[in-house]
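Asks:
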Amino acid sequence: MKRHLVSALTLSLIAGLAGAADNTKSVAPASAKVAPKTLASGIAVEYIDPAVRVQDDLFAHLNGKWLATTEIPADKSSWGSFAKLRDDIQPQLRAIIENAAANPSAGADAQRIGDLYASFMDEARLEQLGLSPLKGEMDKIAAFSDKSQLPALIAHLGEIGVSAPFGFGIHQDNKDSTKYVVDLGQDGLGLPDRDYYLKADDAKLADALAKYEQHIAKMLALAGDANSAATAKQIVAFETELAKLQWTKVELRDPVKAYNKVDIAKLAEVAPGYDWNAYLSAAGIAGKVNYVIVGQPSYLKGMTALLAATPVDTLKSYFQWQLLRAGAPYLSKAFVDENFAFYGTVLSGVTEMRPRWKRAVSTTEGALGESVGKLYVEKYFPAERKARMEVLVKNLLAAYKTSIDKLDWMSPTTKKQAQAKLAKFTTKIGYPNHWRDYSKLVIAKDDLVGNMLRSRQFEYNKELNKLGKPIDRDEWGMTPQTVNAYYNPEMNEIVFPASILQAPFFNADADDAVNYGAIGGVIGHEISHGFDDQGAQYDGDGNLRDWWTAADHKNFAAKTKMLVEQYNQFSPLPGYNVNGELTLGENIADNSGVAIAYKAYKLSLKGKKAPVIDGLTGDQRFYMGFAQVWRMKMREAQQIVQIKTDPHSPGKFRANGTMRNQPGFYDAFDVKPGDKMYLAPKDRVIMW
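All the letters of the sequence shown, read from the start, carry residue numbers -20 to -1, 1 to 668 under mature numbering (1 follows the signal peptide of the UniProt record, and there is no 0).
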């Protein structure tokens, strides 16, 4: 019964979404015969390069002509399916925001949206103000003269969103998901990763570090530092020492090692030489918790020793730099341009700054995301589409339920626990059930920097006020207009914002196959995060708990090791390989998500043969549907940042690396030994 239920509901969803996308469709008389709608393949066949065999390189075959003819826009570090959809949404958001600005009588939310946008767009006023909007904060740092003041200063900087050597976050306790907890962790670098400071044998990273020092000097000179070159050298030396202490991105992926529960009274034993009581009091944490979670104990211990050994003047310069770095996008042109010259051009390879209106939209979204999102979904996301998307997610969950019982590498004991976890998944689609209240956030039409500082304090207080209160299970970690999706292991929830339900993820005019490969693959991907190498360490209630047998751990480790080794071989740039350990969770999710979506697609056919469209079979369109989502090009500098910091593999390898492990892909395209996409059956990683 379950198998047929999955099939029927999924088919009705696809048809319903196709209708929901056309709000002007007329209703035919009951007696009229309506010709069935001819559905497209949904595959951008115009980009296919017939000179590249799909059996050798699916990504290049499917996207070859696009890769050969498409230029990355001058204001982008990368371009592809995701980036284009995000860019397409910008004019919609601009219209919403500018309409709010033009109609303040529409209410307080519209007033805030319009005033914040106007404060960013008033470039002439910002030019007159120069650095003065940051003067009050610069003076606070300038007054720092004794290390006894350090805890209060770091607490204040955290409140206004300025980076310091450590920071805190508030989230569910990983071992008691009914409570909010404070987590202390490493921070404080101005470059994307510790490798930029420490890999002296990498010419590109070494060049970025040298230019970073020059950038700091230029920014400090603009702020009036007559000895900016010497100051910049001291700051880079200090950040380099921090980098030496920091855990790697791979080490940070281990939730067990990162869970170190420490009583407040014993913090000084973990990281001596720092007045933790003064910090916790200044940060507003004291009295609200009796323990914290220390994410990286060795770092925290080394950091407090480094702070003790570093001269006050160096620390003062470092904090002034971090304040400038945080505030630069909201100051006069000289600061904006220099900030872009480094973070945009040097680090990301971008040659042209985004138009001011796009930056204003991003800033408004960042501060008032759900206020903007509420207006967005009213205009662009019909309620019925949310309901139908929820049905599709349920169908993918049902496919997982069936698959768990058929796994040959998981024991009955662990399968029972896996089913229990799956049954507790929460799904969030489109937009929140309850919108955020921004009424206490003060926005002034003529005070951009003040608006940003108050916005950060508003967010800070929102987080702080969670302590001691019940878990807010309605909270969202993304806005509705975000083109993305996520899984949260602490909530055991999958979340799909409204904006992702558009082509190429969902195409209302296309045949089912491409949609199962695209949005179905995305849904399957997020569900499978609950069972990847990180998510599988949490149970259905969001607690970090080992619910696997020893034998299952061994079987799972063997499969994931094979996946790590596969991705370690991929090289998007000469001298730079994908980090299979860093990207493991996302690679597992791609592998598993496609496998489950394919099963759901086959069930939807109810034994019937899929039509051939554009010369492609249903199975071919399914796999191409997933692969074309990852169509992209990236500038070299940004590609290095991705390799060093991003848990996702580059698009080409998300497509090709995933397909090499899918048995159905081999059948769909007749992939044989000798083809470059071919892996021997014993070398394929089949998770689900």
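Glycine included, C-beta positions come from ideal geometry on N, C-alpha and C.
Just to confirm my understanding: we take methionine 432, look at its own chain, exclude 5 residues before and 5 after, and list those with CB closer than 6 Å. What are they?
Replies: The residue given as residue 432 occupies position 452 in the sequence shown. Excluding positions up to five away in sequence, the list reads Tyr310.
Asks: At what residues does the beta strand (DSSP E) containing threonine 301 begin and finish?
Replies: One-based indexing of the sequence shown puts residue 301 at position 321. Going by the sequence as given, residue 301 is tryptophan instead of threonine. Where tryptophan 301 is concerned, there is no enclosing beta strand (DSSP E), although the alpha helix (DSSP H) it sits in stretches over 292 to 307.
Asks: So, are the CB atoms of valine 592 and proline 172 less than 7 Å apart?
Replies: The count along the sequence shown starts at 1 and reaches residue 592 at position 612. The count along the sequence shown starts at 1 and reaches residue 172 at position 192. Taking 7 Å as the Cβ cut-off, valine 592 and proline 172 do not qualify as a contacting pair.
Asks: Take every Cβ of the segment 202 to 210, pair it with every Cβ of the segment 303 to 318, and state whether three or more of those distances are shorter than 8 Å.
Replies: Cβ pair count under 8 Å is three or more, so yes.
Asks: Ends of the beta strand (DSSP E) at threonine 158?
Replies: Residue numbering aside, residue 158 sits at position 178 when the sequence shown is read from its first letter. That run of the beta strand (DSSP E) goes 156 to 166.
Asks: Roughly how far, in whole angstroms, is the beta-carbon of asparagine 495 from the beta-carbon of glycine 22, given that I think they are within contact range, below 8 Å?
Replies: Working through the sequence shown from its first residue, we reach residue 495 at position 515. Working through the sequence shown from its first residue, we reach residue 22 at position 42. Contact flag correct, Cβ pair sits at about 7 Å.
Asks: With DSSP as the reference, identify every bridge partner of alanine 490, one or two as the case may be.
Replies: As a first step, residue 490 is located in the sequence shown; it is residue number 510 there, counting from the start. Bridge partners of alanine 490: Ala20.
Asks: Assuming glutamine 546 contacts glycine 637 (C-beta within less than 8 Å), just tell me the rounded distance between them.
Replies: Mapped onto the sequence shown, residue 546 falls at position 566. Mapped onto the sequence shown, residue 637 falls at position 657. Yes, they are in contact, since the Cβ atoms of glutamine 546 and glycine 637 sit about 6 Å apart, within 8 Å.
Asks: Report the rounded CA-to-CA distance for glutamate 616 versus aspartate 626, giving the unit in angstroms.
Replies: What you label residue 616 is simply residue 636 of the sequence shown in a count that begins at 1. What you label residue 626 is simply residue 646 of the sequence shown in a count that begins at 1. Cα to Cα, the separation comes out at about 15 Å.
Asks: Tell me, to the nearest whole angstrom, how far the beta carbon of isoleucine 69 is from that of glutamine 300; I am working on the premise that it is less than 8 Å.
Replies: As a working note, residue 69 is residue 89 in the sequence shown. As a working note, residue 300 is residue 320 in the sequence shown. Going by Cβ atoms, the distance from isoleucine 69 to glutamine 300 rounds to 37 Å, so no, they are not a contact pair.
Asks: Give the DSSP-derived three-state secondary structure of glutamine 226 in the structure shown.
Replies: On the sequence shown, residue 226 is found 246 positions in, with the first residue counted as 1. Residue state, collapsed to three classes: coil.
Asks: Find the nearest neighbour of residue 670 within the set Lys366, Gly504 and His509, judged by alpha-carbon distance.
Replies: Only positions -20 to 668 of the chain appear in this structure, which leaves residue 670 out of reach.
Asks: According to DSSP, residue 669 sits in a beta bridge with which residue or residues?
Replies: What is shown of the chain runs -20 to 668, which leaves residue 669 out entirely.
Asks: Is the segment 572 to 590 touching the segment 448 to 458 in the sense that three or more CB pairs, one from each, lie closer than 8 Å?
Replies: no
Asks: Cβ of histidine 628 within 7 Å of Cβ of alanine 569?
Replies: Here residue 628 refers to the residue found at position 648 when the sequence shown is read from its first residue. Here residue 569 refers to the residue found at position 589 when the sequence shown is read from its first residue. Contact: no.
Asks: Alpha carbons only, please: which of Tyr440, Phe536, Leu65 and Asp29 is nearest the one belonging to threonine 49?
Replies: In the sequence shown, the residue the question calls residue 49 occupies position 69. With distances taken between Cα atoms, threonine 49 lies closest to Asp29.
Asks: Note the first and the last residue of the continuous alpha helix (DSSP H) segment covering glutamine 397.
Replies: Against the sequence shown, residue 397 aligns to sequence position 417. Glutamine 397 -> alpha helix (DSSP H) spans 392 to 403.
Asks: Using the C-alpha atoms, what's the distance from aspartate 126 back to threonine 158?
Replies: Counting from one through the sequence shown, the residue named residue 158 turns up at place 178. Counting from one through the sequence shown, the residue named residue 126 turns up at place 146. For threonine 158 and aspartate 126, the distance between alpha carbons rounds to 40 Å.
Asks: Am I right that glutamine 437 and glutamate 139 are in contact with their C-beta atoms under 8 Å? What's the rounded C-beta distance?
Replies: Here the question's residue 437 lines up with position 457 in the sequence shown. Here the question's residue 139 lines up with position 159 in the sequence shown. Separation of the CB atoms of glutamine 437 and glutamate 139 is rounded to 6 Å, and the pair is thereby assigned contact status at 8 Å.
Asks: Return yes when the Cβ of leucine 164 is within less than 7 Å of the Cβ of valine 274, no when it is not.
Replies: As a position in the sequence shown, residue 274 is number 294, starting the count at 1. As a position in the sequence shown, residue 164 is number 184, starting the count at 1. Yes; because the gap between Cβ atoms is below 7 Å, this pair is in contact.
Asks: Going by DSSP, what residue range makes up the beta strand (DSSP E) through valine 475?
Replies: Residue numbering aside, residue 475 sits at position 495 when the sequence shown is read from its first letter. Note, valine 475: beta strand (DSSP E), 473 to 477.
Asks: Looking only at C-alpha atoms, which of Pro552, Leu583, Ala104 and Val544 sits nearest to asparagine 567?
Replies: To locate residue 567, count along the sequence shown from 1; it is residue 587. With respect to the C-alpha of asparagine 567, the residue from Pro552, Leu583, Ala104 and Val544 having the closest C-alpha is Val544.
Asks: Taking threonine 406 as part of the beta strand (DSSP E), name the residues at either end of that continuous run.
Replies: Here residue 406 is taken as the residue at index 426 of the sequence shown, counted from 1. That run of the beta strand (DSSP E) goes 406 to 410.
Asks: Is it a yes or a no for the segment 528 to 544 touching the segment 375 to 394, going by three-plus beta-carbon pairs under 8 Å?
Replies: Three or more Cβ pairs closer than 8 Å define a contact, and the segment 528 to 544 meets that threshold against the segment 375 to 394.
Asks: Hey, out of Asn557, Ala635, Thr563 and Phe645, whose CA is closest to threonine 597's CA?
Replies: Taking the first residue of the sequence shown as 1, we reach residue 597 at position 617. Comparing Cα positions, the closest option is Phe645.
Asks: Are the CB atoms of valine 373 and threonine 407 nearer to each other than 7 Å?
Replies: Against the sequence shown, residue 373 aligns to sequence position 393. Against the sequence shown, residue 407 aligns to sequence position 427. Their beta carbons are under 7 Å apart, which means valine 373 touches threonine 407 by this criterion.
Asks: Mapping DSSP to helix, strand and coil, what is aspartate 153?
Replies: Counting from 1 along the sequence shown, the entry for residue 153 is found at position 173. Reduced to three states, the DSSP call for aspartate 153 is strand.
Asks: When we look at the beta-carbon of asparagine 445 and count the other beta-carbons within 10 Å, is it buried (16 or more) or exposed?
Replies: Translated into positions along the sequence shown, residue 445 becomes position 465. Exposed: under 16 other Cβ atoms inside 10 Å.
Asks: So, for alanine 31: in the same chain, excluding its five sequence neighbours on each side, which residues have a beta-carbon less than 8 Å away from its beta-carbon?
Replies: Along the sequence shown, read from residue 1 onward, the residue named residue 31 stands at position 51. So the list reads Gly44, once near-sequence residues are dropped.
Asks: Helix, strand or coil, according to DSSP, for serine 58 in the structure here?
Replies: For the purposes of this step, residue 58 is taken as residue 78 along the sequence shown, with counting starting at 1. Three-state DSSP puts serine 58 in a strand.
Asks: Flag this pair as yes or no: are the beta carbons of serine 342 and threonine 211 separated by less than 7 Å?
Replies: Position 362 of the sequence shown holds residue 342. Position 231 of the sequence shown holds residue 211. No; because the gap between Cβ atoms is not below 7 Å, this pair is not in contact.
Asks: Give me the Cα-Cα distance between aspartate 519 and glutamate 231, rounded to the nearest whole angstrom.
Replies: As a position in the sequence shown, residue 519 is number 539, starting the count at 1. As a position in the sequence shown, residue 231 is number 251, starting the count at 1. If you draw a straight line from the Cα of aspartate 519 to the Cα of glutamate 231, it is about 21 Å long.
Asks: Measuring CA to CA, which of Arg634, Met458 and Lys652 is closest to phenylalanine 39?
Replies: Locating residue 39 in the sequence shown gives position 59, where the first residue counts as 1. The shortest C-alpha separation from phenylalanine 39 is found at Arg634.
Asks: Give every residue of the same chain whose Cβ lies closer than 8 Å to the Cβ of aspartate 37, excluding the five residues on either side of it in the sequence, and list them in chain order.
Replies: The sequence position of residue 37 within the sequence shown is 57, counting from 1. Result list for aspartate 37: Asn636, Lys656 and Met657, in chain order.
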